[in-house]
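**Q**
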Amino acid sequence: MELANITFDATDPELLATFWAAATGWQLTESTPAFARLRSAAPAICLLFLKVADGKTTKNRMHVDFRTTDRATEVTRLERLGATAHTTHHEHGLIWTVMTDPEGNEFCVAQT
């Protein structure tokens with residue numbers, strides 16, 4: 001079995017994919033009114049943004065984590081792109097910030 005996509009429900013797939021392309025530097029490879037897909041360089045991982053009728057109403061049961069050598073700068077950059085920072089945690093020798101994308105999907109940015 002091989003991972004094909006990490007999929008996000010989206011009200012506006014192209015808008016959400018544009019945010020994530022700017023956030024990750026990944027390439028927008030497909031876009032239709034129903035979905036948009038980003039692909040990383042190597043190894044290839046895809047983020048798929050799938051149009052759904054209903055908006056997000058509860059906490060995600062799954063989310064993506066990113067790591068960076070300068071968490072504070074990265075959080076500020078993501079906020080300029082349209083993300084919202086919520087809480088920063090210092091636990092188990094780790095520091096990470098919980099954020100949401102423009103449609104409210106949670107993700108974390110950790111200090112390496």
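In the numbering used here, the protein residues as written are 1 to 112. All residues carry an ideal CB built from backbone N, CA and C; glycine is no exception.
Buried or exposed: where does Glu74 fall if 16 or more other Cβ atoms within 10 Å of its Cβ makes it buried?
**A** In the sequence shown, the residue the question calls residue 74 occupies position 74. Classification of Glu74: buried, given that the 10 Å Cβ count is 16 or more.
**Q** Just to check my reading of the structure: Glu14 and Lys56 have Cβ atoms closer than 8 Å, yes? What is that Cβ distance to the nearest angstrom?
**A** For the purposes of this step, residue 14 is identified with residue 14 of the sequence shown, where counting begins at 1. For the purposes of this step, residue 56 is identified with residue 56 of the sequence shown, where counting begins at 1. Rounded, the Cβ-Cβ distance is 17 Å, inconsistent with contact.
**Q** I need the straight-line Cα distance from Leu78 to Phe19, nearest angstrom please.
**A** Walking along the sequence shown from the start, residue 78 turns up at place 78. Walking along the sequence shown from the start, residue 19 turns up at place 19. Looking at the two C-alpha atoms, the distance is approximately 9 Å.
**Q** Name the DSSP beta bridge partners of Lys51, please?
**A** In the sequence shown, counting from the first residue as 1, residue 51 sits at position 51. According to DSSP, Lys51 bridges with Ala10.
**Q** Closest by CA to Thr88, which one among Asn105, Arg80, Asp101 and Ala110?
**A** Taking the sequence shown and counting its residues from 1, one reaches residue 88 at position 88. Residue Ala110 is the option with its Cα nearest to Thr88.
**Q** Under 8 Å, with one C-beta from each stretch per pair, do the stretch 19-29 and the stretch 38-51 reach the 3-pair mark?
**A** Yes, they touch.
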